[in-house]
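**Q** Going by the numbering used here, the letters in the sequence shown line up with residues 306 to 775, in that order.
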Amino acid sequence: MKKIKVRDFSKFQDNFELPQLLDIQVISYEDFLQRELASDKRKDHGLEEVFREVFPLESYDGQIRLEYISYYLGKEKYSSQECQRRNMTYSAPLKVKLRLITPTDIKEQEVYFGDFPLMTERGTFIINGDERVVVSQIQRPPGVSFEEEMHPTGKSIYHGRIIPSRGAWFEIKYDLNDVLFAYIDRRRNFPATQILRIMGLSSLEDIKKLLGDDADKLKPTLEKDHTNTKEEALIDFYRKMRPTEPATVEVAETLFYRLFFDPKRYDLSKVGRHIINRKLGTNVPMENRVLDITTVVAVMKYLFGLREGHGETDDIDHLGNRRIKTVGELVQNQVRIGLARLERSIKERLIVMSNFENLTAHHLINSRLFSNQIQDFFARSQLSQFMDQVNPLAEMTHKRRLSALGPGGLSRERAGFEVRDVHPTHYGRVCPIETPEGPNIGLISSLTTCARVNELGFIETPYRKAKMAG
Numbered sequence: 306m307k308k309i310k311v312r313d314f315s316k317f318q319d320n321f322e323l324p325q326l327l328d329i330q331v332i333s334y335e336d337f338l339q340r341e342l343a344s345d346k347r348k349d350h351g352l353e354e355v356f357r358e359v360f361p362l363e364s365y366d367g368q369i370r371l372e373y374i375s376y377y378l379g380k381e382k383y384s385s386q387e388c389q390r391r392n393m394t395y396s397a398p399l400k401v402k403l404r405l406i407t408p409t410d411i412k413e414q415e416v417y418f419g420d421f422p423l424m425t426e427r428g429t430f431i432i433n434g435d436e437r438v439v440v441s442q443i444q445r446p447p448g449v450s451f452e453e454e455m456h457p458t459g460k461s462i463y464h465g466r467i468i469p470s471r472g473a474w475f476e477i478k479y480d481l482n483d484v485l486f487a488y489i490d491r492r493r494n495f496p497a498t499q500i501l502r503i504m505g506l507s508s509l510e511d512i513k514k515l516l517g518d519d520a521d522k523l524k525p526t527l528e529k530d531h532t533n534t535k536e537e538a539l540i541d542f543y544r545k546m547r548p549t550e551p552a553t554v555e556v557a558e559t560l561f562y563r564l565f566f567d568p569k570r571y572d573l574s575k576v577g578r579h580i581i582n583r584k585l586g587t588n589v590p591m592e593n594r595v596l597d598i599t600t601v602v603a604v605m606k607y608l609f610g611l612r613e614g615h616g617e618t619d620d621i622d623h624l625g626n627r628r629i630k631t632v633g634e635l636v637q638n639q640v641r642i643g644l645a646r647l648e649r650s651i652k653e654r655l656i657v658m659s660n661f662e663n664l665t666a667h668h669l670i671n672s673r674l675f676s677n678q679i680q681d682f683f684a685r686s687q688l689s690q691f692m693d694q695v696n697p698l699a700e701m702t703h704k705r706r707l708s709a710l711g712p713g714g715l716s717r718e719r720a721g722f723e724v725r726d727v728h729p730t731h732y733g734r735v736c737p738i739e740t741p742e743g744p745n746i747g748l749i750s751s752l753t754t755c756a757r758v759n760e761l762g763f764i765e766t767p768y769r770k771a772k773m774a775g
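#1: Over what stretch of residues does the beta strand (DSSP E) that includes G747 continue unbroken?
#2: If I follow the unbroken alpha helix (DSSP H) through G577, where does it start and stop?
#3: Once the 5 residues before and after L707 are set aside, which same chain residues still bring their CB inside 8 Å of it?
#4: Please report the Cβ distance between G448 and I580, rounded to the nearest whole angstrom; I am assuming they are in contact, meaning their Cβ atoms lie under 8 Å.
#5: So is F722 buried or exposed if we call it buried at 16+ other beta carbons inside 10 Å?
#6: Is it the case that the region 567-583 contacts the region 464-484, given that we only count it when at least three CB pairs across the two stretches are under 8 Å?
#7: Which residue's Cα is closest to the Cα of L635: L688, L611, N759, V601?
#8: Return the first residue and the last residue of the beta strand (DSSP E) that I374 is part of.
#9: Give the straight-line distance between the Cα atoms of R719 and P712, rounded to the nearest whole angstrom.
#10: Closest to T754 by C-alpha separation, out of S364, V311, P324, E453, would be which residue?
#11: Return the residue from the list Y395, N433, L378 that minimises the CA-CA distance to V416.
#12: Would you grab the beta carbon distance between E454 and I462 for me? Rounded to a whole angstrom, and I think it's under 8 Å.
#13: Report the residue from Y607, P446, E550, F561 whose alpha carbon sits nearest the alpha carbon of E536.
#14: Please report the residue range of the beta strand (DSSP E) in which K400 lies.
#15: Just verifying my parser: in three-state terms, what is the DSSP assignment at Q442?
#16: How is H623 classed by DSSP in three states: helix, strand or coil?
#17: DSSP three-state call for F566: helix, strand or coil?
#18: With distances taken between CB atoms, is the gap from L374 to K402 smaller than 8 Å?
#19: In whole angstroms, give me the CA-to-CA distance for F777 and A684.
#20: Taking the Cβ atom as the reference point for each residue, do R445 and R627 lie within a distance shorter than 8 Å?
#21: Between R547 and L698, what straight-line distance do the alpha-carbon atoms span, to the nearest angstrom?
#22: Measuring alpha carbon to alpha carbon, tell me which of T498, K412, I540, F566 ends up nearest V554.
#23: Mind checking who L752 pairs with in its DSSP beta bridge?
#24: By the DSSP assignment, the alpha helix (DSSP H) with N677 in it spans what residues?
#25: So L669 and R654 are supposed to be a Cβ contact under 8 Å. How far apart are they, rounded?
#26: Measure the C-alpha to C-alpha separation of L664 and N638 and round it to an integer number of angstroms.
#27: Starting from K630, follow its DSSP beta bridges and name the residues at the other end.
#28: Give me the Cβ distance between I489 and L608, rounded to the nearest whole Å; I'm assuming they're in contact under 8 Å.
#29: Where Q499 and D483 are concerned, what is the direct C-alpha to C-alpha distance, given to the nearest angstrom?
#30: Contact defined as beta carbons within less than 8 Å: I believe L523 pairs with L485. What is the distance between those atoms, to the nearest angstrom?
#31: Going by beta carbon distance, what residues of the same chain come within less than 8 Å of I679, once the five residues before and after it are set aside?
#32: Nearest to L327 by alpha carbon, out of N593, K412, M424, Y383?
#33: I'd like the list of long-range same chain contacts for S507, defined as Cβ closer than 7 Å, with 5 residues on each side in sequence excluded.
#34: Using CA atoms only, rank isn't needed, just tell me which of S686, V758, L509 is closest to T766.
#35: Could you tell me the alpha carbon to alpha carbon distance between G747 and D693, rounded to whole angstroms?
#36: Roughly how many angstroms separate the alpha carbons of R705 and G633, rounded to a whole number?
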């Protein structure tokens, strides 16, 4: 058969190379597991990060302490193809090395935490013999956002929200009388200066010193605030948050600490801290992932600026205000839930135990609580789907799909027209055409060919530099 010659009549040489389209799945899961790295070389990220968050665990009396040392994933028993034939899950045993410290002894032991699903070379999972894809989720990121509401009287009302990755929402909002109120989880409200007193600015002079020239703008708020000291502010805070319980300074301080300063209950995440620093011009270290007075004061100053026509409110449909949770982060959240259940179980067992002489880590760990949570996510989650096998192109598209639905996301019923519509920032990042018809229109989308997700979860796209002729 005669070979056909291919001729190129274009004026410009095409040197465009397609990126690795599966990177959104494969690299995300590799970074989460860090399987190939030695335990001392692993970053504080993914599975390693969650274990470091949860451990060490202590008994209520402080006598027993369980510390995390390292984890490793063993060798898988069967190949992915063999698992499909046998209707099994393609996985590897997860073993965690723990140190148990009791009043009389220190023991190190390796504990089996169950089989952990592995990703195939094709960016899929084999769960009970079925090939599945975990779809990436597009969500509002943690951080800070500012919005404007128009009151029926025609007056603009501005508010700023500090949204954590985990924990209570903190919102500062103007009312019609120019009083700044702080809202916690959109329910209880307090004069903003009362929160400043609780966070350390106990006197009026301290508040004026930190706010500088903007202190006069707080006059209506200070008139509304009936507390004069940190202790008074804490008592009033507790009475509003727990109206049926007796209020003391100590319990009020503990409640406020748990809401905003406890890393186990409140986490802005690296992404949230990055967004806050960029938006407000603060320079708080990325490691500080709890609420701080610098951030609260910066939000108040930004609101003062909005009232005077400086600064901009946020467009929540802008892709700069939406981020992608890839498979690694989604599974990491499930690991966190599983370990939280395990933590409660361990503490309950320690309460009823009286003899600690022969106690080992094996006696405390019920690995089913952990492994069942992971298996349930891969088998039943809205984001874990049977892979589209119509043709290779449909398969590839499925792995690069984005969903606004799922845990913590939108629902079909309350998603409005604006969130479904095409936005100018979709250009080069999200395909404006490929979306299903029906109730999911605009809520399910796909990445463009050249789009990629950066380490903070934001979509990036390349642009070719154009030079004007002449």
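Quick reminder that beta carbons are idealized off the backbone N, C-alpha and C, glycines included.
All of these numbers come straight from a predicted model, not from anything done at the bench.
**A** The structure says:
#1: Here residue 747 is taken as the residue at index 442 of the sequence shown, counted from 1. G747 -> no beta strand (DSSP E), and no H or E assigned at all.
#2: Position 272 of the sequence shown holds residue 577. Boundaries of the alpha helix (DSSP H) around G577: 574-585.
#3: The residue labelled residue 707 in the question sits at position 402 within the sequence shown. A distance below 8 Å between beta-carbons, with the five flanking residues on each side excluded, links L707 to the following residues of its chain, in chain order: V440, S441, Q442, I443, I629, V735, I749, S750, S751, L752.
#4: Here residue 448 corresponds to residue number 143 of the sequence shown, with the count starting at 1. Here residue 580 corresponds to residue number 275 of the sequence shown, with the count starting at 1. Confirmed, Cβ separation roughly 3 Å.
#5: Your numbering for residue 722 matches position 417 in the sequence shown. In the assembly as shown, F722 is an exposed residue. Its beta-carbon has fewer than 16 other beta-carbons within 10 Å.
#6: Three or more Cβ pairs closer than 8 Å define a contact, and the region 464-484 meets that threshold against the region 567-583.
#7: Here the question's residue 635 lines up with position 330 in the sequence shown. Cα-wise, what sits closest to L635 is L688.
#8: Here residue 374 corresponds to residue number 69 of the sequence shown, with the count starting at 1. Segment 370-378, the beta strand (DSSP E) holding I374.
#9: Position 414 of the sequence shown, counted from the first residue, corresponds to residue 719. Position 407 of the sequence shown, counted from the first residue, corresponds to residue 712. If I take the Cα positions, the gap works out to 14 Å.
#10: Numbered from 1 along the sequence shown, position 449 holds the residue referred to as residue 754. Of S364, V311, P324, E453, the residue nearest in Cα terms is P324.
#11: Taking the first residue of the sequence shown as position 1, residue 416 is located at position 111. Closest by alpha carbon: L378.
#12: Within the sequence shown, numbered from 1, the residue matching residue 454 stands at position 149. Within the sequence shown, numbered from 1, the residue matching residue 462 stands at position 157. Yes, E454 and I462 are in contact; Cβ-Cβ is about 5 Å, under 8 Å.
#13: On the sequence shown, position 231 is the one that residue 536 refers to. Closest by alpha carbon: F561.
#14: Locating residue 400 in the sequence shown gives position 95, counting from the first residue. Judged by DSSP secondary structure, K400 falls within the beta strand (DSSP E) whose first and last residues are 396-406.
#15: For the purposes of this step, residue 442 is taken as residue 137 along the sequence shown, with counting starting at 1. Looking at Q442 - three-state DSSP - the assignment turns out to be strand.
#16: Locating residue 623 in the sequence shown gives position 318, where the first residue counts as 1. The answer is coil: DSSP assigns H623 none of H, G, I, E or B.
#17: Counted from its first residue, the sequence shown places residue 566 at position 261. F566 falls in the coil class under three-state DSSP.
#18: Residue mapping note: residue 374 aligns to position 69 of the sequence shown, counting from 1. Residue mapping note: residue 402 aligns to position 97 of the sequence shown, counting from 1. According to the sequence provided, residue 374 is Ile. The question's Leu does not apply to it. Yes, these two residues count as a Cβ contact at 8 Å.
#19: Coverage of the chain is limited to positions 306 through 775, which leaves residue 777 absent and any answer about it impossible.
#20: Walking along the sequence shown from the start, residue 445 turns up at place 140. Walking along the sequence shown from the start, residue 627 turns up at place 322. It is a contact, given that the beta carbons lie within the stated cut-off.
#21: Position 242 of the sequence shown, counted from the first residue, corresponds to residue 547. Position 393 of the sequence shown, counted from the first residue, corresponds to residue 698. Whole-angstrom Cα-Cα distance: 56 Å.
#22: By 1-based counting over the sequence shown, the position of residue 554 is 249. Taking only the C-alpha atoms, the option nearest V554 is I540.
#23: For the purposes of this step, residue 752 is taken as the residue at position 447 of the sequence shown. V735.
#24: Here residue 677 corresponds to residue number 372 of the sequence shown, with the count starting at 1. N677 -> alpha helix (DSSP H) spans 672-685.
#25: Here residue 669 refers to the residue found at position 364 of the sequence shown. Here residue 654 refers to the residue found at position 349 of the sequence shown. Contact holds; Cβ gap of about 6 Å.
#26: One-based indexing of the sequence shown puts residue 664 at position 359. One-based indexing of the sequence shown puts residue 638 at position 333. Here the alpha carbon of L664 sits roughly 30 Å from the alpha carbon of N638.
#27: Translated into positions along the sequence shown, residue 630 becomes position 325. Looking at the DSSP output, K630 sits in a beta bridge with Q442.
#28: Reading the sequence shown from its first residue, position 184 is the one you call residue 489. Reading the sequence shown from its first residue, position 303 is the one you call residue 608. Not quite, the Cβ-Cβ distance comes to about 17 Å (not below 8 Å), so this is no contact.
#29: The count along the sequence shown starts at 1 and reaches residue 499 at position 194. The count along the sequence shown starts at 1 and reaches residue 483 at position 178. A direct Cα-to-Cα measurement between Q499 and D483 gives close to 16 Å.
#30: In the sequence shown, residue 523 corresponds to position 218, counting from 1. In the sequence shown, residue 485 corresponds to position 180, counting from 1. So it is a contact: roughly 7 Å between Cβ atoms.
#31: Here residue 679 is taken as the residue at index 374 of the sequence shown, counted from 1. Correct list, in chain order: G419, F421, P422, V636, Q639, V640, G643.
#32: As a working mapping, residue 327 is identified with position 22 in the sequence shown. Nearest to L327 by C-alpha distance, out of N593, K412, M424, Y383, is M424.
#33: Sequence index remark: in the sequence shown, residue 507 carries index 202 (1-based). Cβ neighbours of S507 beyond the five flanking positions: T534, K535.
#34: Taking the first residue of the sequence shown as 1, we reach residue 766 at position 461. The residue with the shortest Cα to Cα distance from T766 is V758.
#35: As a first step, residue 747 is located in the sequence shown; it is residue number 442 there, counting from the start. As a first step, residue 693 is located in the sequence shown; it is residue number 388 there, counting from the start. Between the alpha carbons of G747 and D693 lies a distance of about 19 Å.
#36: On the sequence shown, residue 705 is found 400 positions in, with the first residue counted as 1. On the sequence shown, residue 633 is found 328 positions in, with the first residue counted as 1. Roughly 14 Å between the two C-alpha positions.
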